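Residue numbers (this note's numbering), protein chains in the order written: chain X, 45 to 703; chain L, 11 to 189.
Glycine included, each C-beta is placed from N, C-alpha and C at the ideal position.
Keep in mind that this is a model prediction, so the values were computed, not measured.
Let me begin by presenting the structure, written as C-alpha cells, before commenting on it.
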C-alpha cells in the first residue's frame with residue numbers, strides 16, 4: 045500500500061510541476077497576480093508530494109519490503125539501519141528520487157524565502173524550476189520507477205554494494221546533490237532574467253545566496269567523496285581523475301567562477317552576459333554529470349544504470365534544458381546593456397583573470413574527460429586520459445590562479461595599483477620563497493614543481509591572513525579593539541578570508557601527500573616488527589570477528605617511537621556475507637600534521653598477512669581545508685547585505701510555535 | 011553583427027556535443043569497458059628484461075623465435091593473479107612454455123610469492139616501472155598473451171584466466187600453433 049501511495053504522490057507531483065512550469069509564465073507575461081501566485085503554492089505542494097514519495101521509499105527500505113524490486117536489489121534484512129536508509133539513494137532509481145526531492149526543496153525555498161523578489165521574477169524563476177521538475181519526474185515515472193513490484197517476493201535481498209555501506213558514502217550523495225541541484229536555482233534565475241531582459245546589481249544580489257549555498261554543498265559533497273576514497277579504498281590516494289569525479293569538479297570550477305563574476309555584476313553592474321552564461325553552464329554541467337553516470341557512454345567506478353533508453357531520455361532532456369537556455373541566451377544576451385568601465389588592473393580585472401583561468405581549467409577537465417570518448421566513437425584508438433595529463437595541464441594552469449588569490453583582494457575597484465599591492469605582500473613573498481626552497485630541498489623529485497607549489501601554498505595562507513590582520517589592525521591597536529573590528533567585519537569579507545586561507549591549506553595538504561608520502565608494503569607474521577617512517581611497527585595480533593552482515597579480520601599494529609608507545613591501529617578486512625565482496629577498513633591516526641594509515645591485506649592462510657602502511661604528511665589539511673572552504677561560504681551567506689532589500693517584517697514579539 | 015554570433019557559440023557547441031552523444035548511444039553495441047586487443051595479428055613488441063632470479067636468464071622477445079609461448083603479466087600484490095595461478099601451473103606441467111613478466115612489483119615480494127605458490131614460468135623478467143606493460147598495452151594484471159613461432163600475437167586476454175580460458179582456448183591454440 046505504502047509504495048503505491050509513494051508512486052501516486054509522484055504522479056501528483058508531476059501534474060503540479062506541469063502547473064508550476066506553465067501558469068506562472070503566462071501570469072508573468074500578462075501581469076496576472078493570481079496566475080503568478082500559482083507558482084508559490086505549486087512549489088510548496090510539490091515539495092510535500094515528492095517528500096511523501098521519498099518517505100515511502102525510505103519506509104520500504106527500513107521495513108525491508110522485498111516485494112519492491114529496488115529494495116531486493118539493494119538491501120538485505122541484516123543490514124544496519126543507517127545503510128538501510130542510505131540504500132534508498134544508493135542506486136539509480138532512488139538517487140533520481142533524491143535528486144528530485146532536493147529540486148523540490150530548492151523550489152520551495154525560493155517560494156518561501158523569495159519575499160524580496162519582484163513578483164514577475166519570482167514567478168518566472170519558479171516556473172523554470174517547475175519545468176526542470178517535469179523532466180525529472182517524467183524520467184522517474186517513465187523509465188526508472190523506484191516502486192516497481194515483484195510478482196513473487198524473495199525471502200531476502202541482494203544487499204547493497206559493501207563499498208557503499210559506510211557513513212561517508214551515506215551522506216556523500218545528498219550533499220553532492222544539494223550542490224548540483226542548487227545550481228538549478230541560479231539557472232532558473234538566469235532564464236528568468238533573460239526573459240525579462242534585465243540583469244542588474246539587484247539581480248546579482250538575489251542570486252548570490254543561492255549560488256553560495258549550492259557551491260558550499262558541492263564543496264562538501266566532493267570533499268566527502270574524496271575522503272571516503274582515501275579511507276575506504278585502502279591505498280592512500282584521494283583523487284583519481286575518474287570521469288565521474290571530473291563531472292563533479294566541472295560544475296564546482298564554473299560555480300566558483302560564477303561566485304566571483306557575480307560580485308562584479310553586483311558591485312559594478314558589469315560582466316552581465318558572462319555571469320548569466322556561467323549560471324546557465326554551471327547547471328548544464330551538473331546535468332552532463334548525471335548523463336555521463338547514468339547513460340552508459342563511458343565506464344567508471346561510479347557509473348550505474350547503464351541503460352541506453354535512460355541515456356537517450358537524459359540526453360534529450362539535457363539538450364532541451366541547456367539548449368533552451370543557451371538559445372534564449374543567444375537571442376537575449378546581446379541586448380543586455382553593458383555596465384561600468386574599469387582599467388585592466390583593478391578588482392574587476394582580477395576577478396576576470398580568475399574567471400578566465402577557472403573557465404580554462406574547466407575546459408581542460410572537459411577535454412580530458414570527453415576526449416577518450418570522442419576518439420572511441422570516431423572509431424579511433426582506445427585511450428585513457430589519466431593523472432599525467434592533468435599533472436601537465438591542470439596543475440600548472442592553476443598556479444597563476446592561486447597566486448592571484450592573495451593579490452586580487454588588495455586591488456581597488458575601477459583602477460588598482462599592482463605595484464602597491466605587491467609591495468604590501470613583500471614580507472609574505474619572502475617567506476613563501478623560503479618555504480619553496482626548503483620544500484624543494486627535502487623533496488626527491490620534481491623539485492621545481494614542488495618549490496612553486498609549496499611557495500604558492502604559503503603565499504595564499506599568509507597573504508590572506510595578512511590581509512585580515514591589516515583589516516582588523518592586529519598588533520597595531522589593542523587586542524580588544526582588534527577583536528571588535530573582527531566582529532564588525534562584513535561577513536562576506538570574513539568568509540572570503542576563511543575560504544582563501546583554507547584553499548591554501550588544501551594546496552599544502554595535496555602537496556604533502558603527493559611528495560612526502562611514505563609507503564611500506566610488507567608481509568608480516570604476528571610478532572614481526574618493521575620500520576616505517578621513523579616508527580617501529582609491530583603486528584601484535586589478528587583476530588576474527590563478526591559484524592551484523594560481514595565477517596572480518598582485525599589486525600592490531602602498535603607503533604612505537606623509541607621506547608614510547610605512540611598509537612595502536614586496528615585496520616580491518618571485511619568479507620560481506622551476501623555479495624561475497626571484500627572491503628578494507630583502513631585505520632588512520634590523524635594528528636595536525638600527518639596521518640598514520642594502515643590497512644590489512646590478504647593472508648596466505650599460514651599466518652602471514654600483507655600489511656600496507658602509509659605516512660601521509662599534511663593529509664588532514666586536504667579535507668579540513670575543503671571543510672573550512674565551505675565554512676567560509678556559509679559565513680559569507682550570513683552577510684546582512686544579502687538580506688537587505690527584504691521588506692522589514694514586523695513580527696509579534698512572542699516566539700511562534702513551529703508548524 | 012559578428013558580435014551577435016558570439017552569443018550563439020555556446021548553443022552551437024551544445025548541438026555538436028549532443029549530436030555526438032546521441033550517435034554514441036544509438037550506434038553499435040559499444041561496450042565502453044572493452045578496450046579490445048589491438049596487438050592481435052601483429053608482431054609482438056620487443057622487450058628485453060632483467061631476470062627475477064639471480065641465476066635466471068633475461069626475458070627477451072628475440073629468444074621466443076621458433077617457439078610458441080604464453081606470456082603472462084603478474085604481480086604478487088594482485089589477488090586475481092593468485093586465483094589464476096594454479097591454472098598456469100597446470101599449463102606449464104602440460105608442456106606449455108609460460109613466460110612471466112613481473113609487473114610493477116618488488117623483486118623480493120615476487121620471489122617470496124612464487125616460492126609459496128609454485129613457479130610455472132620458464133623465465134621471469136622484471137618490469138619494475140611498467141615499461142614492458144606499456145609496450146604490450148596491458149591495462150593491469152593479470153593479462154595473458156599467446157605468441158606464435160613467427161612472433162605474432164595470436165591471443166590477448168585481459169582478465170584472470172578461467173579453466174575454460176586455459177584448457178579450451180590457450181592449450182588447444184598452443185597445440186595447433188606448435189604443429
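- Task: Using alpha carbons as the reference points, say which of X:664, X:524 and X:360 lies closest to residue 267 of chain X.
- Result: X:664
- For residue 110 of chain L versus residue 78 of chain L, is the C-beta distance shorter than 8 Å? no
- Helix or strand or just coil, what does DSSP make of residue 87 of chain L? coil
- Item | Contacts that residue 648 of chain X makes with chain L (C-beta to C-beta distance below 7 Å) | 126
- Task: Could you pull the start and end residues of the alpha helix (DSSP H) that residue 569 of chain X belongs to?
- Result: Taken as a continuous stretch (DSSP letters only), residue 569 of chain X belongs to no alpha helix (DSSP H), being part of the beta strand (DSSP E) at 562 to 569.
- Can you check whether the CB of residue 112 of chain X is closer than 8 Å to the CB of residue 198 of chain X? no
- In DSSP terms, what residue 145 of chain L is bridged to: Answer is none; residue 145 of chain L lacks a bridge partner.
- Query: For the beta strand (DSSP E) that residue 163 of chain X lies in, which residues bound it at each end?
  - Reply: Here residue 163 of chain X belongs to no beta strand (DSSP E); instead the alpha helix (DSSP H) covers 163 to 187.
- Item | Close Cβ partners of residue 349 of chain X (< 6 Å) along its chain, the five nearest in sequence each way excluded | Only weak support exists for where residue 349 of chain X lies, its pLDDT of 48 falling under 50; the value from the coordinates is given anyway. Result list for residue 349 of chain X: 136 and 338, in chain order.
- In angstroms with no decimal places, state the Cα-to-Cα distance between residue 35 of chain L and residue 669 of chain X. 40 Å
- Item | residue 92 of chain L, DSSP secondary structure in three states | helix
- Message: Could you tell me the alpha carbon to alpha carbon distance between residue 75 of chain L and residue 57 of chain L, rounded to whole angstroms?
- Response: 13 Å
- Message: Only counting the same chain, and skipping five residues up and downstream in sequence, which positions put a Cβ closer than 7 Å to that of residue 552 of chain X?
- Response: 501, 662 and 665
- Item | Residue interval of the alpha helix (DSSP H) (run including residue 163 of chain L) | Element bounds for residue 163 of chain L: not the alpha helix (DSSP H) but the beta strand (DSSP E), 163 to 167.
- Message: Looking at chain L, is there any beta carbon in it that lies within less than 8 Å of the beta carbon of residue 127 of chain X?
- Response: no
- Message: Since residue 646 of chain X and residue 89 of chain L should fall inside the 8 Å C-beta cutoff, what is the C-beta to C-beta distance between them, to a whole number of angstroms?
- Response: 6 Å
- Item | Under 8 Å from the C-beta of residue 567 of chain X: neighbouring residues of chain L | 119 and 122
- Task: Out of X:519, X:530, X:560 and X:509, state which residue places its alpha-carbon closest to the alpha-carbon of residue 546 of chain X.
- Result: X:509
- Query: How would you call residue 173 of chain X, buried or exposed, if buried means at least 16 neighbouring beta carbons within 10 angstroms?
  - Reply: buried
- Evaluate residue 496 of chain X with the Cβ neighbour count: other Cβ atoms within 10 Å of its Cβ, from every protein chain shown; 16 or more gives buried, anything less gives exposed. buried
- Taking the alpha-carbon positions, what's the residue 483 of chain X to residue 189 of chain X distance? 55 Å
- Message: Within the continuous beta strand (DSSP E) that includes residue 282 of chain X, where are the two ends?
- Response: Element bounds for residue 282 of chain X: n/a, residue is neither H nor E.
- Message: For residue 494 of chain X, tell me which candidate among X:475, X:101 and X:559 has the shortest Cα-Cα distance.
- Response: X:559
- Task: Measure the alpha-carbon distance for residue 83 of chain X versus residue 155 of chain X and round it to whole angstroms.
- Result: 8 Å
- Between the CA atoms of residue 86 of chain L and residue 99 of chain L - distance to the nearest angstrom: 15 Å
- Message: Which residues of the region 272 to 295 of chain X have a Cβ closer than 7 Å to any Cβ of chain L? Give them in chain order.
- Response: none
- Item | CB contact flag (residue 116 of chain X, residue 110 of chain X, <8 Å) | yes
- Could you tell me which residues DSSP pairs with residue 647 of chain X in its beta bridges? X:653
- Query: What whole-angstrom Cβ distance do residue 255 of chain X and residue 299 of chain X have, given they're in contact under 8 Å?
  - Reply: 7 Å
- Check whether the Cβ atoms of residue 136 of chain L and residue 72 of chain L sit closer than 8 Å, and answer yes or no. no
- If you draw a straight line from the alpha carbon of residue 50 of chain L to that of residue 171 of chain L, how long is it in whole angstroms? 18 Å
- Message: Please tell me whether residue 349 of chain X has its Cβ less than 8 Å away from any Cβ of chain L.
- Response: With a pLDDT of only 48 at residue 349 of chain X, under 50, the local geometry of the prediction cannot be trusted, and the value read off the model is given with reservation. Answer no: the Cβ-Cβ gap between residue 349 of chain X and chain L never drops below 8 Å.
- Message: Can you find the residues in the same chain that come closer than 6 Å, C-beta to C-beta, to residue 106 of chain L, ignoring five residues on each side of it along the sequence?
- Response: 80 and 184
- Item | DSSP beta-bridge partners of residue 631 of chain X | X:642
- Message: Would you say the beta carbon of residue 205 of chain X is closer than 7 Å to some non-hydrogen atom of the ligand SAH?
- Response: The model depicted lacks the ligand SAH and carries no ligand whatsoever.
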